[in-house]
Amino acid sequence: MHGRIKLKTTEEQAEQKQKERLKKLHFYETTRSACFAKRKAGILDEEGLILSGQLLAANPDFATLWNFRREIFLHLKEEKNPEELQTLFEKELSFLETCLRVNPKSYGTWHHRGWVLDHSPHPDWKVELELCSKFLQFDERNFHCWDYRRLVVQRAEVSPQEELEFTHKLIGTNFSNYSSWHYRSTLLPLVYPDTECRVGRADEEALLTEYELVQNALFTDPNDQSAWFYYRWLLGRADREETVSCLYISREGQRLIVSFSHPVNVLLPRDELILFVDGLPLRVTWKSPHPQLKRSAIWICELPPNTINAACSEHNFKVHWRDGRIQRECILYKGRSESWCRDSATDQQLFRCDLSVEKTTVLQSELNSCTQLQELEPDNKWCALTIILLMRALDPLGYEKEMLQCFQTLKATDPMRTAYFDDLLSKFIIENSILKMEYAESRVVDLSKKNLTNLCHLDQMQLVTHMNLTSNRLKSLPIHLSMMQCLEVLEASDNEIESLEGLVQLPRLQEISLQNNRISKIGDLRPLASCPSLILLNLKGNPITEVPDFESELSELLPSLKDLIV
Amino acid sequence: MAVADSLPGEFDVIVLGTGLTESIIAAACSRVGKSVLHVDRQAYYGGNWASFTFSGLLAWIEENKEAFSKEEITEWMNDINEGEEIILLNSSDKSIMNVEVFNFASQDPVEDVKEEASLQKKDDPFLTVDPVEDLKEGSSQKENDLFLTVDLVEDLKEEGSSQRKDDLFLTVAVAESFESGIEKSPDTYVNEHPAETLEHNDVCTSSQKKNPELSIDEKRSVNVCKTSVAETRKTITYSQIIRESRRFNIDLVSKLLYSRGSLVDLLIKSNVSRYAEFKNVNRILTYQNGSVEQVPCSRADVFGSKQLTMVEKRMLMKFLSFCIEYEQHPEEYADFKERTFSDFLKTKNLTPNLANFILHSIAMVLDTDLTTEGLRATQHFLQSLGRYGNTPFLFPLYGLGEIPQCFCRMCAVFGGIYCLRHGIRCLVVDKETRRCKAIIDSCGKRISCGHFLVESSYLSDDHHQKVKYRLISRAVLITDRSLLKADSEQLISLVTVPPLKSGQPAVRIIELCSSSMTCMQGTYLVHLTCSSVETAKEDLSPVVSKLFSENMKAGEKGEVEAERPNVLWALYFNMPDFSSVERSSYDLPNNVYVCCGPDSGLGNDCSIQQAEHIFHQMFPDEEFCPPAPNPEDIVYDGDGTPPEESVFKEHGESEVGDGEERTLDTKYLVTSTTNEAEDAQESVKEIPTE
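Taken in sequence, the protein lines are chains A and B.
Per our numbering, the first sequence starts with residue 7, numbered consecutively.
Per our numbering, the second sequence starts with residue 11, numbered consecutively.
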């Protein structure tokens with residue numbers, strides 16, 4: 007009849023497990039040494055495949071062994087006839103499949119699989135494509151498999167249309183899938199090329215259906231980031247065209263300043279910058295405004311003596327960049343002490359990098375649906391953030407009040423990221439201030455009492471002579487401040503400034519107010535020694551004023567300083 | 011299967027009835043080392059939970075039309091001692107009522123169509139008690155079973171090979187294991203060389219355990235799709251149904267498993283899951299505004315839904331997210347605790363469509379149910395989402411009738427003894443202690459027991475007259491197409507039909523496709539269930555005529571009706587639902603426990619709770635269904651106890667010799683019990699043939 011059953015006791019089980027583990031370890035170690043010995047001796051035979059196979063089945067992340075296998079295959083390729091080779095490769099593929107089933111996220115295995123197919127006499131890429139689909143069915147976010155799929159698609163010449171449908175299917179089962187969304191962003195421009203031929207953009211019609219798709223995701227689960235990121239891609243991030251945006255000449259300072267749309271390094275041959283004065287090339291030395299800035303949006307050259315003869319002469323300056331494809335010209339007229347030439351900057355060119363590609367009407371309707379979503383989900387940070395971006399793309403000055411409100415919501419709902427939001431807000435406020443300044447055609451910028459935590463876009467302020475940063479939360483004057491080559495007066499009282507590293511080689515800087523900040527060491531003031539025109543410095547309310555002998559040391563450091571207020 | 015006459019005279023537990031609750035308890039008892047005798051008066055497992063081939067179902071229908079009026083001989087009265095009294099049990103089941111059958115499929119001119127392997131109607135099990143005959147029949151049956159299973163495997167093989175190419179990723183574990191299992195199993199009978207069978211078992215279980223619905227489902231659907239394209243809407247005749255009878259596994263009870271319901275938990279916890287395979291229910295549909303629509307219930311559904319506006323999507327998701335953790339927001343529904351869920355929904359800014367979806371298809375409660383009940387049901391539904399797929403439900407391949415059998419198998423593995431076609435005539439009760447001491451079985455044999463468990467339909471009419479129970483209305487339809495067309499034809503759908511008129515019940519429909527292994531290709535098996543108001547036919551036929559077409563002639567139909575599935579065959583019946591009967595209302599000894607049989611709910615929680623409750627009443631100190639050990643962790647503790655050492659040798663370096671042989675020995679003995687269970691299993695699947 008039936009037998010009675012009892013279980014092994016736990017000690018027995020533990021002991022047995024221990025024994026098994028030791029045995030396994032021993033086996034692993036001997037096999038490993040055998041493999042290494044073989045490889046060292048240069049014996050590249052099928053036994054090597056068996057040995058390394060045993061190890062890789064247990065540990066697929068052993069890169070050396072995969073290399074060993076590849077060496078063996080390359081060697082066997084010369085020895086065997088094509089049929090034998092084909093069976094060998096097929097065996098390898100089924101071996102790899104077992105490995106993948108054990109660990110579907112091993113770099114080595116996937117890479118080796120691609121290699122094997124590339125070297126096999128009759129690769130069947132269609133089968134590979136199905137394999138990918140199967141793996142993605144189990145884990146639609148396995149990016150190893152996505153990577154491999156892209157390789158397979160390339161080799162098998164699968165049409166982007168089919169792939170687009172595939173991503174659609176996966177998004178349908180679970181739309182929290184960065185890989186799928188991202189893949190769509192690369193496929194869409196291929197399937198529906200942009201009528202205006204903008205690289206990386208898709209046709210308007212196709213984008214409209216994408217908006218609908220992504221909004222379905224946003225309304226279904228507004229807390230899922232992946233869809234929001236795709237949404238931002240859809241709304242478009244325009245890359246500004248690379249250009250020389252401004253040319254500035256100072257007669258008095260005998261110097262010339264070139265501004266670029268992007269940070270560049272003109273010292274590299276590729277970005278060589280050539281200066282013509284009155285039609286003749288002139289050899290000059292370019293330098294960035296701060297020694298730490300290797301790539302900079304601003305480059306400066308001191309003009310050789312006698313380039314600008316007298317106050318009344320008129321000169322023509324011209325720069326050639328990128329082999330003369332990009333040029334800018336500026337005339338220093340008679341009697342002028344300085345002169346510049348630049349594009350009349352609109353907000354569009356300056357700052358609308360994010361979400362600027364789409365048409366205004368589309369942006370407006372997207373803003374409406376996001377606002378609708380926000381009414382349902384007042385605490386959703388992704389929604390609030392997207393609304394801010396949309397408002398900035400539409401009318402940065404007009405929506406300033408709403409933007410500030412949105413930032414309040416963001417900080418309240420996501421306190422962990424308050425600092426990030428503060429920095430972002432600072433950026434937007436500075437952008438708005440610059441815009442206002444541009445519209446007023448003034449060279450004075452007032453950023454006081456704006457709660458700034460961060461300074462940016464300073465390259466856009468290279469013509470500014472007066473800057474007011476009073477009453478903010480700045481901790482430093484960053485090195486980018488050195489781009490403000492025309493700055494004469496800087497008011498930065500009532501901040502938390504500890505470092506002045508950006509106040510370097512500013513030739514016209516005369517007055518600095520640093521009342522009520524956190525400057526504590528004489529060393530912190532050292533950068534100021536490179537500003538030759540400095541005559542007034544207000545250090546009232548800084549810890550440094552408590553340091554004994556501070557004034558004498560300071561007068562040693564800044565001998566030309568006339569007024570020190572403490 | 012045990013031979014009735016050679017049964018031991020004493021058991022810890024005797025279980026009468028092989029329905030789900032009884033089988034779970036039997037397995038639980040045997041698992042913790044109690045001796046269990048598990049009997050059923052029918053030749054099949056499951057009682058009212060059973061699953062039949064089409065011919066099997068016809069036989070069952072006949073049986074339920076016949077009136078049993080055989081009085082027993084009372085020679086066994088001699089076994090009753092002084093100080094004892096008896097409680098008589100029902101010898102036959104009269105609980106199924108109002109059976110009505112309708113055939114709409116065209117009849118073939120050829121008469122006398124027979125099933126591929128024809129079935130013979132069972133003999134009356136209560137009369138044939140001759141041990142010799144029984145034995146004979148048993149052996150011939152075994153042969154037959156073997157023969158049949160090979161057939162089945164051949165089919166599988168064919169399919170397996172053609173699919174192997176499509177299916178790189180999955181080793182065709184199922185088909186292969188069948189191949190190896192069957193080709194070798196004759197050996198196991200003859201040579202008693204069981205090592206392979208154990209292995210074959212292992213293969214099966216591992217593939218099933220990891221990914222239940224993948225192993226067969228995918229492959230099959232590929233095949234079926236191909237063929238169905240070729241033969242577009244071929245009319246299926248009654249003789250085809252008869253011929254393909256074996257493709258049907260028609261459940262008497264229609265239920266689904268909530269992915270996080272107590273049955274799934276129990277299957278996993280007890281390792282019984284290794285004996286079954288499951289397929290995801292693919293769609294939740296509802297009947298609304300005169301048409302069948304998909305209910306958006308998962309995140310993916312809501313995302314993909316074309317019926318909902320953006321704002322509706324948000325509102326629905328928002329409400330569902332609230333339901334998942336409604337306990338944490340008592341303020342949201344505090345004012346509605348005493349009011350109905352449907353009133354509560356009205357305050358939630360949901361459009362009427364959404365409110366209907368939630369009420370009828372997600373919570374599946376009535377208009378009159380209270381808010382907390384609705385919230386709890388919604389939560390249960392939502393918690394089950396995503397565990398195995400985009401709907402909260404699983405369906406066992408080959409039908410729900412598989413599940414009680416899985417537990418029986420588990421019980422047998424741990425030594426439980428099975429005896430089908432074996433009734434129990436009466437309980438012997440000690441007058442003084444008022445405890446059930448023994449039973450007298452249908453052979454007249456007296457068997458002692460510590461505990462006696464009985465399914466309520468076995469109790470005599472006297473007992474039932476004292477209790478109030480409800481009825482379930484059931485209909486089974488065979489149709490020719492799905493209620494809602496989709497890309498794939500291989501979908502399992504749950505359709506909820508809200509009451510058509512007030513006073514009528516809400517009806518639940520489960521539509522099964524052929525890849526669920528419950529019906530022949532080209533057909534759908536449709537189960538309708540509701541709590542009875544009138545007879546099954548009266549309750550359910552209004553729904554059937556709204557959703558289906560009972561007129562096969564294409565020319566006579568209106569446009570709307572032409573789109574509906576045709577009913578090829580229909581069965582209506584009523585089944586009792588004892589789930590609301592209190593144990594105390596039966597006047598029975600303390601150590602007699604009553605299992606209520608199937609309830610009308612969609613899930614199985616009622617049965618599981620009852621099983622666990624009864625088990626703890628019997629054995630308060632024992633664990634309920636602890637995980638079954640892995641085969642390699644089992645040591646046989648029999649007569650010639652093998653030395654402990656040999657067990658380790660099994661895992662040691664290949665040492666041939668004494669130790670090795672003994673290990674094999676151990677394995678064999680363990681396997682032999684498994685085989686026994688398999689026998690039991692197989693004999694169920696194929697209703698005994700001549």
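Glycine included, every Cβ here is placed at the ideal spot set by N, Cα and C.
Checklist entry - Should T242 of chain B go down as buried or exposed, given a rule of 16 or more other Cβ atoms within 10 Å for buried? => result Any reading at T242 of chain B needs caution, since the residue's pLDDT is 47, under 50, leaving its predicted position unreliable; the model's value is listed next. Exposed.
Checklist entry - Around the C-beta of E552 of chain A, are 16 or more other C-beta atoms found within 10 angstroms, so that it is buried, or is it exposed? => result exposed
Next on the checklist: Quick check on N576 of chain B - is its C-beta less than 8 Å from some C-beta in chain A?
Outcome noted: no
Checklist entry - Taking only beta-carbon atoms, is D130 of chain A less than 8 Å away from chain B? => result Interface annotation, D130 of chain A: not in contact with chain B, CB-CB separation never under 8 Å.
Checklist entry - At a Cβ threshold of 8 Å, is T226 of chain A touching chain B? => result yes
Next on the checklist: Once the 5 residues before and after P384 of chain A are set aside, which same chain residues still bring their CB inside 8 Å of it?
Outcome noted: Excluding positions up to five away in sequence, the list reads T415.
Checklist entry - What does P406 of chain B pair with, by DSSP beta-bridge criteria? => result B:F288
Next on the checklist: Here's a check: name, in chain order, each residue in its chain whose Cβ is nearer than 7 Å to the Cβ of S539 of chain A, leaving out the five neighbours to either side.
Outcome noted: P513, R514, L515, Q516
Item to check | Coarse secondary structure for D500 of chain A, derived from DSSP in three states | outcome: coil
Next on the checklist: Within a Cβ cutoff of 6 Å, which residues of the same chain sit near E25 of chain B, ignoring the five residues on either side of it in sequence?
Outcome noted: Rather than Glu, the amino acid found at residue 25 of chain B in this sequence is Val. Excluding sequence neighbours, V25 of chain B sits near E32, A36, H48, L463.
Item to check | Bridge partners - V577 of chain B, DSSP secondary structure assignment | outcome: B:T489
Checklist entry - Closest Cβ-Cβ distance between L379 of chain A and chain B: below 8 Å? => result yes
Item to check | Pairwise C-alpha distance: Q415 of chain B and R41 of chain B | outcome: 15 Å
Item to check | C-alpha gap between L458 of chain A and S488 of chain A, whole angstroms | outcome: 19 Å
Item to check | Interface positions of the stretch 364 to 393 of chain B facing chain A (Cβ-Cβ less than 8 Å), listed along the chain | outcome: Close to chain A, meaning a Cβ-Cβ distance shorter than 8 Å, is no residue of the stretch 364 to 393 of chain B at all.
Checklist entry - If K104 of chain B and N222 of chain A are in contact, beta carbons under 8 Å, what's the gap, nearest whole angstrom? => result The pair is not a contact, with the Cβ atoms about 55 Å apart (cut-off 8 Å).
Checklist entry - Since G314 of chain B meets chain A, which of its residues come closer than 8 Å, beta carbon to beta carbon? => result Going along chain A in sequence order, the residues near G314 of chain B (Cβ under 8 Å) are G178, N222.
Item to check | CB contact below 8 Å: F323 of chain A versus chain B | outcome: So, not an interface residue.
Item to check | Given 8 Å, three or more beta-carbon pairs between the stretch 559 to 569 of chain A and the stretch 586 to 602 of chain B | outcome: no
Item to check | Nearest candidate by alpha-carbon position, reference Q304 of chain B, set B:L538, B:S503, B:L99 | outcome: Minimum Cα distance to Q304 of chain B is reached at B:S503.
Checklist entry - DSSP on K441 of chain B, reduced to helix/strand/coil? => result In the structure shown, K441 of chain B sits in coil (DSSP, three-state: anything other than H, G, I, E or B).
Next on the checklist: Quick check on the burial criterion: 16 or more other C-beta atoms within 10 angstroms. Buried or exposed for C307 of chain B?
Outcome noted: buried
Checklist entry - Assuming V439 of chain B contacts E95 of chain B under a Cβ cut-off of 8 Å, what Cβ separation, rounded to an integer in Å, is found between them? => result 5 Å
Next on the checklist: Here's a check: name, in chain order, each residue in its chain whose Cβ is nearer than 6 Å to the Cβ of V602 of chain B, leaving out the five neighbours to either side.
Outcome noted: C446, F462
Next on the checklist: Short of 9 Å Cβ to Cβ, which residues in the stretch 165 to 199 of chain A face chain B?
Outcome noted: I177, G178, T179, N180, F181, S182
Checklist entry - Taking the alpha carbon of L493 of chain A as the point to measure from, which residue in A:M467, A:S477, A:E502, A:E504 has its own alpha carbon closest? => result A:M467
Item to check | V290 of chain A, DSSP secondary structure in three states | outcome: Note: V290 of chain A maps to coil in three-state DSSP.
Next on the checklist: Just to confirm my understanding: we take Y339 of chain A, look at its own chain, exclude 5 residues before and 5 after, and list those with CB closer than 7 Å. What are they?
Outcome noted: If we look at Y339 of chain A and ignore the five residues flanking it on each side, its Cβ neighbours are E320, S345.
Item to check | Coil, strand or helix - T36 of chain A by DSSP | outcome: helix
Item to check | Interface partners of M327 of chain B on chain A, CB under 7 Å | outcome: T226, D227
Item to check | chain B contact for Q382 of chain A (CB, 8 Å cutoff) | outcome: The sequence given here has Leu at residue 382 of chain A, not Gln. Taking Cβ atoms only, chain B reaches closer than 8 Å to L382 of chain A, which makes this a yes.
Checklist entry - DSSP state of I457 of chain B, grouped into three classes? => result strand
Checklist entry - Can you tell me whether DSSP reads R524 of chain A as helix, strand or coil? => result coil
Checklist entry - How close, in whole Å, do the beta carbons of L461 of chain A and P484 of chain A come, if the pair is a contact with beta carbons under 8 Å? => result 6 Å
Next on the checklist: Less than 6 Å between C-beta atoms, sequence neighbours within five positions excluded: which residues of the same chain meet that for V281 of chain B?
Outcome noted: Correcting the residue type first, residue 281 of chain B is Asn in the shown sequence and not Val. These residues qualify, in order along the chain: P637, A638.
Next on the checklist: Just to confirm my understanding: we take K441 of chain B, look at its own chain, exclude 5 residues before and 5 after, and list those with CB closer than 8 Å. What are they?
Outcome noted: G93, E94, E95
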